[in-house]
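Trainee: The structure is given below, and queries will be raised subsequently.
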Amino acid sequence: MNPMTREKALQYAKYRLPYSTEVGKIYAIEPEFEMRKISHDLIGERRDIVYIGGVAENTKLLDQSIDLIVAANAYL
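Next comes the structure, spelled out in structure tokens:
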């Protein structure tokens, strides 16, 4: 695994975790499998975090179903 990918994933994981105690559910959307796997390995199995492979425009989440979106280093 690329060391930069691992470092990037570690940084993203720390942003997701604090929100999980404040909200009902977090959808962690990430197109790269390695990034999702590292985050899942660090955080572990939790009912309040759902990992979705893909990009924001193609999550299959229902319209009007999300209250807050946080993006980091998104390619827009």
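Under this note's numbering, the first residue of the sequence shown is numbered 434, with each subsequent residue one higher.
Think of the CB as a built atom: it goes at the ideal place given N, C-alpha and C, for glycine as much as any other residue.
Nearest chain D C-beta to Asp500 closer than 8 Å, yes or no?
Mentor: No chain D appears in this structure, which consists of one protein chain only.
Trainee: When you compare each of Ile471, Phe466, Ala504 and Arg479 to Glu490 by their alpha carbons, which one comes out closest?
Mentor: A check of alpha carbon separations from Glu490 across Ile471, Phe466, Ala504 and Arg479 identifies Ala504 as the nearest.
Trainee: Gly486 by DSSP, collapsed to three states: which one?
Mentor: strand
Trainee: With DSSP as the reference, label Glu463 as helix, strand or coil.
Mentor: Reduced to three states, the DSSP call for Glu463 is strand.
Trainee: Using a 10 Å radius around the Cβ and a threshold of 16 neighbouring Cβ atoms, would you call Ile499 buried or exposed?
Mentor: exposed
Trainee: In three-state DSSP terms, what is Asp500?
Mentor: The answer is coil: DSSP assigns Asp500 none of H, G, I, E or B.
Trainee: Using a threshold of 8 Å, state whether the C-beta atoms of Ile513 and Ile459 are closer than that.
Mentor: Nothing about residue 513 can be reported from this structure: the residues present for the chain run from 434 to 509 only.
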